[in-house]
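Student: Mind having a look at this structure? Questions to follow.
Number of protein chains: 4
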Amino acid sequence: MLRFLTAGESHGPQLTAIIDGLPAGLKLDIEQINLQLARRQRGYGRGHRMNIEKDRAQITAGLVYGQTTGAPLAIQIENRDWKNWQEKWQDGALSQLTTPRPGHADYPGMRKYGLDDARPILERASARETAARVAVGAVARQLAAAFGVQIGSWVEQIGPVRAQIPNLPVPQLWALAEASDTACPDETAAQAMREQIDAARRTKDTLGGVVVVTALGLPVGLGSHAQWDRRLDARVAAAMLSIQAIKGVEIGPAFENAALPGTQVHDTFLPAESGEVLRGSNRAGGLEGGMTNGQPLVVRAAMKPIATTGAKMASVNLADGQPAYAEYQRSDICAVPAAAVVTEAMLGWVLAEALVEKLGGDSLAEMRR
Amino acid sequence: MLRFLTAGESHGPQLTAIIDGLPAGLKLDIEQINLQLARRQRGYGRGHRMNIEKDRAQITAGLVYGQTTGAPLAIQIENRDWKNWQEKWQDGALSQLTTPRPGHADYPGMRKYGLDDARPILERASARETAARVAVGAVARQLAAAFGVQIGSWVEQIGPVRAQIPNLPVPQLWALAEASDTACPDETAAQAMREQIDAARRTKDTLGGVVVVTALGLPVGLGSHAQWDRRLDARVAAAMLSIQAIKGVEIGPAFENAALPGTQVHDTFLPAESGEVLRGSNRAGGLEGGMTNGQPLVVRAAMKPIATTGAKMASVNLADGQPAYAEYQRSDICAVPAAAVVTEAMLGWVLAEALVEKLGGDSLAEMRR
Amino acid sequence: MLRFLTAGESHGPQLTAIIDGLPAGLKLDIEQINLQLARRQRGYGRGHRMNIEKDRAQITAGLVYGQTTGAPLAIQIENRDWKNWQEKWQDGALSQLTTPRPGHADYPGMRKYGLDDARPILERASARETAARVAVGAVARQLAAAFGVQIGSWVEQIGPVRAQIPNLPVPQLWALAEASDTACPDETAAQAMREQIDAARRTKDTLGGVVVVTALGLPVGLGSHAQWDRRLDARVAAAMLSIQAIKGVEIGPAFENAALPGTQVHDTFLPAESGEVLRGSNRAGGLEGGMTNGQPLVVRAAMKPIATTGAKMASVNLADGQPAYAEYQRSDICAVPAAAVVTEAMLGWVLAEALVEKLGGDSLAEMRR
Amino acid sequence: MLRFLTAGESHGPQLTAIIDGLPAGLKLDIEQINLQLARRQRGYGRGHRMNIEKDRAQITAGLVYGQTTGAPLAIQIENRDWKNWQEKWQDGALSQLTTPRPGHADYPGMRKYGLDDARPILERASARETAARVAVGAVARQLAAAFGVQIGSWVEQIGPVRAQIPNLPVPQLWALAEASDTACPDETAAQAMREQIDAARRTKDTLGGVVVVTALGLPVGLGSHAQWDRRLDARVAAAMLSIQAIKGVEIGPAFENAALPGTQVHDTFLPAESGEVLRGSNRAGGLEGGMTNGQPLVVRAAMKPIATTGAKMASVNLADGQPAYAEYQRSDICAVPAAAVVTEAMLGWVLAEALVEKLGGDSLAEMRR
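Residue numbers (our numbering), protein chains in the order written: chain A, 268 to 636; chain B, 268 to 636; chain C, 268 to 636; chain D, 268 to 636.
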């Protein structure tokens, strides 16, 4: 059983993650983890902080001679910003945040945890936490890759600008996305996206969008139809909506499929040289009956615009019940290219978890037997 | 900690569910459970079987004098069809199903579990299992209702027909949906939906659609921002995509929000008489930071067309690798109104689980303290 | 991931269990389950009820053509006593039990669940529930047996009578125990145990004892040292103390080992023909570092005397706070031989769970690869 | 839901723990954590390393202004020994350990994880990991203490020396134990224990023993009779046997009770001024029906002698299958007083977990309502 927990505040000393249940014998490439952390910081329209943070993963447990041993892995990522915050953290030094910001965890968090200051809530709710998840996902992806699973993504939409995804092999689309500061493989759309982001910056507004994350090389039969909480659709959906600001998900073109007759949706089978089968299409997005069917796993995720807008938004000061404007916290204009990296990480996690369940999890050699 | 498991094959003797972790002191209304089971069988365009099955829940454990006691609840639902199938179940009596049907669990299930016959797979993968979940959900909803939570749904789309949802209070929309055999509150659209279903029947095709399920009366602070797998968005998404044929979900108008600037998406706060706050809108769909924010929880779910089409679909006989047509199994044309009831049940489950986590779970009285 | 839940009251219509996560392809022998259920009802000194109940397991889900399919298994066991109780269950027909019985769940259960009647508590707390666990364990043992694991037990002590366990191979000790109505392989002690039981019956008292449950044929490396809750010692201990009236457990002669120096406790290694190793002793009871080490897993469990004594025991009527005697409920004098069967069942469960974790769990064939 | 994971090797840079699910508003006393860490290092007969390590807990996440916020807590404990080991960790620098040591995780660990070197196994299996658990437990105990729960322990036996525990109130016994380097409240026995330890040092041997850990001030109704894995006896037993070298546990005098008739075991009820009840004895050890009954929770745990003995023990070099002696690693003679602190920590954990389940877990204020 694979499991992980993360801990850490946005302006605390560090982020920490523990992964338990990894098989022994996985030679971990730490630069791969750092590469993913760097990708999370990419993107046109990121804010000032991205220049401060140069995230590096430090593995403090679970590796001996560079390999996993079956022991839990501990990862920490230093917050370089910490030095600027340390003294502010002295009791009272930081002003209270009593006016909840629309779209943030501030209000429900204060009410849930009985706090009159939103600061402790936003420190944990911040997307900064996704750096820990990207590191966890980078480990999971290395495990999945040992079984031939490749994961990548692209940005399909930023604000109103929707890309025309060229009809190319998925790895080429990944490469095009990687080369763009919008992570969009359609350069015409990418240019329009940049203009949208510039416009949003001028109007002190923010943008969301849609990402498409895909996994290739999957074995048949990850997940199960047998019990509701073992269906892979459910686990993928949970993984996606566990990401800050991701509020919608579909496996394949689900909302489009809902409008079509079954004969145009369900993927026919064709004989294959191999003796195995081919499919006439992949509108199921790679999952049938809650299980991988050997086709690419295609997931679309909708991200809401960043909740922190430069433009004032109406709120209420909970300290006195009077109308007030939400206080501005330094933020980005658009983080969709970064979120795409987090969706890759979480998909990698779900797939690694399913591989360990299917194959058992003591050692890589045993899993491969 | 609330948990449940279901068991049962589509044509076996019965479905069984066990719910563990219910508080004591909940007076259970079994007719309410049966009412939900009947609602699951409703809808224009259901097949023959709906006339055979008149599902009734039988509680065989966990109730003393009509009240929960803290002990696990066992529910069973007899398959009235069983008498017609019992002898077929004798070894070999049922023909093997070796040609996987597109859109079903047949193919991945056979490969995962090492079977050369899809029958054991489809018997469990069938949507018949959702009857057990509706019963479980009906119990969870009674627990949630004890804390003022009301859940209902409507059908927004069947195939290409999209309803214009009238601007009415949610409970009135629920009532309109309840009165229609399409579960659609827009009677004009409902009529077009029926025509679509009739047309699909003529062309031996099937239809999917979109449902909107809503929860009212929620307390602030169910779920948590603190750890990825405790975010309520994630749990709601998992619950929805754990339902057979549901492949997409959004919390509020997530895909629409992805196209808009932040200032038009995030819900402003306004002072309220009560001293509490009002919101200028509910585009967050009732969840901020992975927690309920006191607004209605609004979930849209996309259902694919039923996978069993009367029209032949190309497949491969895995027994000989030769092209073949998928064998037709008796089925419905459209089950969106029924699926809406299952989404209500699963949402009820997630909310009951979150209430028990927040309030503790020994007795209703203790939860209310 | 293997998991199970049970439900059912002692005098309700039936017990129900659901097992989720079984691999496909296990040919289940239902008579083996019934045999275990019969063994649970054995033993010198059982009460009247054992003559009423002739437990039979009914599988209502998860088997197709006698084999598991990967789908959850549902098991139910009818309470033959039900017919005598059904009408008593009408509201108010059964007298309230307001005087908690020493050694029972009555008092903490009433307080925990906010009840002024202990009946709903004792109905679930009763050892009757162990019939469901024996059925679950009988399934788990068939899975474990497919990997060469054999489980058995004997009674080492009843009340003050402690057996001299002859120095024979474990399977012979199991056979001797099986042949005795005390489940004790030492016939001299067995006779003294019967006399103790007869004496206890005369004095309206009850007896407990000690059982030794052993598993043979275990692979090396079930469980793990890597995380506290994955240590097999912990899981075995939890499984034993989850059994009604079992209050102590040791892996090997743990309390004896605590008094000896390390050089006399730790099991030396010797070369083996096979190239593998032999051990000079098995004082570790088959577990080192939280993992099976290939030696027999030897567990001793201490059972308290049955809490329901014919002799009056002082209590307090919680309805009025006045001293009162605990009401007598029909019961046994000694159930140690029966409890031994439950310890076998729970050990079988833990080992099956560990096998599925180690080998993966889709099909028996895949587990064997 | 409260959960924790630990990570860290014995000679790695640090130990790390993450605790998820703590309520907000707990003012954490870090010196209390350090005090527990120091207690874990106490005891007559500890080895050289105890002088190197002066463990200090560093909280890197989950505290704002010294209080919990509902966010996960991250704790790290630096291994001061690391500086001496860092370069040894370079690939190959450390000699392989191919001869498994009796009583250690070496052999099953190597076989389970497919390693030909035991070093990665012993690095994680080492009791050094318990420092992380003591820190976790120290947090859990502060939560439990907020609800009036006090936890302490004493050493009852070291090797063959069994103490006569004076008939004093439990807190006085704790104080006497605290004042002794054997943690034994019977000074006569303590002196004999020291002599045993000195003798063992001379003979290059090691000793185990028995600890008694007690919790006072418990509410009635933690745990549940309703489902096997929710019985508190099971969770306490798992917590105890999850500790390195602890191999036996009993709730109250369970093995003694097994020899007595029920009328002498079960704790009678007496009326109390308060209107609540008193008990004539506490032979149930504070748990009836898997729930706390308001009496002191009394747990006895048996620790095996330390597995690393100075005296040579026969083993086999798995590299060549030849007989060899187990390599000596620096170690202690007796660690029972230290283990007692770990049993306190794990009991604290189980009780904090049960409190959160019973009371809900958003904030201390809400738990107290």
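Ideal Cβ placement from N, Cα and C applies to all residues, glycine included.
Could you check whether the segment 376 to 395 of chain A touches the segment 554 to 567 of chain B, counting it as contact only if at least three pairs of C-beta atoms, one from each stretch, sit closer than 8 Å?
Tutor: Enough Cβ pairs lie closer than 8 Å, so yes.
Student: For a contact meaning CB atoms closer than 7 Å, what does B/GLN494 contact in chain D?
Tutor: Here residue 494 of chain B refers to the residue found at position 227 of the second sequence. The contacting residues are ASP287 and PRO339.
Student: Note down, in chain order, each residue of its chain lying with its Cβ closer than 8 Å to the Cβ of D/ARG497, except the 5 sequence neighbours on either side.
Tutor: Position 230 of the fourth sequence, counting from 1, holds the residue named residue 497 of chain D. Around D/ARG497: GLY490, SER491 and GLY557.
Student: In this structure, does DSSP put B/THR535 in helix, strand or coil?
Tutor: As a working note, residue 535 of chain B is residue 268 in the second sequence. Reduced to three states, the DSSP call for B/THR535 is coil.
Student: Please report the straight-line C-alpha distance between D/SER223 and D/THR273, rounded to a whole angstrom.
Tutor: In this structure chain D extends from 268 to 636, so residue 223 of chain D is not present and cannot be described.
Student: Quick one: which residues of the segment 523 to 539 of chain A get their C-beta closer than 8 Å to a C-beta of chain B? List them in chain order.
Tutor: Cβ contacts with chain B come from ASN524, ALA525, ALA526, LEU527, PRO528, GLY529, THR530, VAL532, HIS533, ASP534, THR535, PHE536, LEU537 and PRO538.
Student: For C/THR481 and C/GLY419, which I take to be in contact (beta-carbon distance under 8 Å), what is that distance rounded to the nearest angstrom?
Tutor: Against the third sequence, residue 481 of chain C aligns to sequence position 214. Against the third sequence, residue 419 of chain C aligns to sequence position 152. Sure, about 6 Å apart at Cβ, within 8 Å.
Student: Considering Cα atoms alone, identify which of A/VAL516, A/ARG368, A/ARG323 and A/LEU340 is closest to A/ARG347.
Tutor: The residue given as residue 347 of chain A occupies position 80 in the first sequence. Ranking the options by Cα distance to A/ARG347, first place goes to A/ARG323.
Student: Does any C-beta atom of chain D lie closer than 9 Å to the C-beta of A/VAL401?
Tutor: Here the question's residue 401 of chain A lines up with position 134 in the first sequence. Output row for A/VAL401: interface = no.
Student: Mapping DSSP to helix, strand and coil, what is B/ILE286?
Tutor: Counted from its first residue, the second sequence places residue 286 of chain B at position 19. Looking at B/ILE286 - three-state DSSP - the assignment turns out to be strand.
Student: What in chain D is Cβ-close to A/GLU633, meaning under 7 Å?
Tutor: What you label residue 633 of chain A is simply residue 366 of the first sequence in a count that begins at 1. The answer, in chain order, is GLY381.
Student: C/ASN346 by DSSP, collapsed to three states: which one?
Tutor: Mapped onto the third sequence, residue 346 of chain C falls at position 79. DSSP places C/ASN346 in coil when its eight states are reduced to three.
Student: Quick check: what's the CA-CA separation for A/ALA338 versus C/ALA493?
Tutor: As a working note, residue 338 of chain A is residue 71 in the first sequence. As a working note, residue 493 of chain C is residue 226 in the third sequence. Between A/ALA338 and C/ALA493, the C-alpha separation is close to 5 Å.
Student: Does A/GLU390 get closer than 9 Å to chain D when you measure Cβ to Cβ?
Tutor: Position 123 of the first sequence, counting from 1, holds the residue named residue 390 of chain A. It does: the Cβ of A/GLU390 has a partner Cβ on chain D nearer than 9 Å.
Student: Can you list, in chain order, the residues of its chain whose CB lies under 7 Å from that of D/PRO520, leaving out five sequence neighbours each side?
Tutor: Residue numbering aside, residue 520 of chain D sits at position 253 when the fourth sequence is read from its first letter. Hits under 7 Å: ARG550.
Student: State the beta-bridge partners of C/CYS601 as determined by DSSP.
Tutor: For the purposes of this step, residue 601 of chain C is taken as the residue at position 334 of the third sequence. Bridge partners of C/CYS601: C/LEU474.
Student: Tell me which same chain residues have a C-beta within less than 6 Å of the C-beta of C/MET365, skipping the five on either side of it?
Tutor: Numbered from its first residue, the third sequence carries residue 365 of chain C at position 98. A small correction: the amino acid at residue 365 of chain C is Thr; Met does not occupy that position in the sequence shown. Within the same chain, C/THR365 has close Cβ partners ASN584, LEU585 and ALA586.
Student: Please classify A/GLN562: is it buried, with 16 or more other beta-carbons within 10 angstroms of its beta-carbon, or exposed?
Tutor: For the purposes of this step, residue 562 of chain A is taken as residue 295 along the first sequence, with counting starting at 1. Burial call: buried.
Student: Which residue marks the beginning of the alpha helix (DSSP H) containing B/LEU389, and which one marks its end?
Tutor: Within the second sequence, numbered from 1, the residue matching residue 389 of chain B stands at position 122. Start and end: 386 to 392.
Student: Taking Cβ positions only, does B/ILE513 come closer than 9 Å to chain E?
Tutor: Any reference to chain E falls outside this structure, whose protein chains are A, B, C and D.
Student: Mind checking if B/GLU624 is an interface residue toward chain D, Cβ cutoff 9 Å exclusive?
Tutor: One-based indexing of the second sequence puts residue 624 of chain B at position 357. Yes - at least one Cβ of chain D is within 9 Å of the one on B/GLU624.
Student: List the residues of chain C that B/GLU298 touches, going by C-beta distances under 9 Å, in chain order.
Tutor: Position 31 of the second sequence, counting from 1, holds the residue named residue 298 of chain B. Going along chain C, no residue has its Cβ under 9 Å from B/GLU298, so there is no contact; the nearest lies around 17 Å.
Student: Tell me where the beta strand (DSSP E) around A/ALA263 begins and ends.
Tutor: Given that chain A is displayed from residue 268 to residue 636, the structure contains no residue 263 of chain A and the question cannot be resolved.
Student: Using a Cβ-Cβ cut-off of 9 Å, state whether D/ASP629 counts as contacting chain B.
Tutor: Along the fourth sequence, one-based indexing puts residue 629 of chain D at 362. Yes, its Cβ sits closer than 9 Å to a Cβ of chain B.
Student: From this set, B/GLY553, B/ALA581, B/VAL331 and B/SER598, which residue's C-alpha is nearest B/TYR592's C-alpha?
Tutor: By 1-based counting over the second sequence, the position of residue 592 of chain B is 325. Nearest of B/GLY553, B/ALA581, B/VAL331 and B/SER598 to B/TYR592, Cα basis: B/ALA581.
Student: When the Cα atoms are used, what is the spatial distance from C/ASP373 to A/VAL331?
Tutor: The residue you call residue 373 of chain C lines up with position 106 of the third sequence. The residue you call residue 331 of chain A lines up with position 64 of the first sequence. Taking the straight line joining both Cα atoms gives about 53 Å.
Student: Check whether chain C comes within 9 Å of B/LEU499, counting only Cβ atoms and requiring the distance to be less than that.
Tutor: Position 232 of the second sequence, counting from 1, holds the residue named residue 499 of chain B. It does not: the Cβ of B/LEU499 has no partner Cβ on chain C nearer than 9 Å.
Student: Mind checking if A/SER491 is an interface residue toward chain C, Cβ cutoff 9 Å exclusive?
Tutor: Numbered from its first residue, the first sequence carries residue 491 of chain A at position 224. It does; some Cβ of chain C falls within 9 Å.
Student: Are the C-beta atoms of B/SER447 and some chain A residue less than 9 Å apart?
Tutor: As a first step, residue 447 of chain B must be located in the second sequence, where it is residue number 180. With 9 Å as the cut-off, B/SER447 does not count as an interface residue toward chain A.
Student: According to DSSP, simplified to helix, strand and coil, what is B/PRO528?
Tutor: Along the second sequence, one-based indexing puts residue 528 of chain B at 261. Reduced to three states, the DSSP call for B/PRO528 is coil.
Student: Taking 9 Å as the CB-CB limit, is B/ARG636 close to chain D?
Tutor: Here residue 636 of chain B is taken as the residue at index 369 of the second sequence, counted from 1. Closer than 9 Å: yes.
Student: What residues in the segment 456 to 479 of chain D bring their beta carbon closer than 7 Å to a beta carbon of chain C?
Tutor: Taking 7 Å as the Cβ-Cβ cut-off against chain C, the residues of the segment 456 to 479 of chain D that qualify are ALA467, ASP472, THR473, LEU474, GLY475, GLY476 and VAL477.
Student: Within 10 angstroms of its Cβ, does A/LEU537 collect 16 or more other Cβ (buried), or is it exposed?
Tutor: Taking the first sequence and counting its residues from 1, one reaches residue 537 of chain A at position 270. Label assigned to A/LEU537: exposed.
Student: Specify the secondary structure class of A/GLN303 as computed by DSSP and reduced to three states.
Tutor: On the first sequence, residue 303 of chain A is found 36 positions in, with the first residue counted as 1. The answer is helix: DSSP assigns A/GLN303 an H, G or I state.
Student: Are three or more beta carbon pairs between the segment 276 to 289 of chain D and the segment 401 to 417 of chain D nearer than 8 Å?
Tutor: Verdict: yes, contact present.
Student: Is the shortest distance between the beta-carbon of B/MET570 and the beta-carbons of chain A less than 9 Å?
Tutor: Taking the second sequence and counting its residues from 1, the one referred to as residue 570 of chain B is at position 303. For B/MET570, the answer is yes, since a Cβ of chain A falls inside 9 Å of its Cβ.
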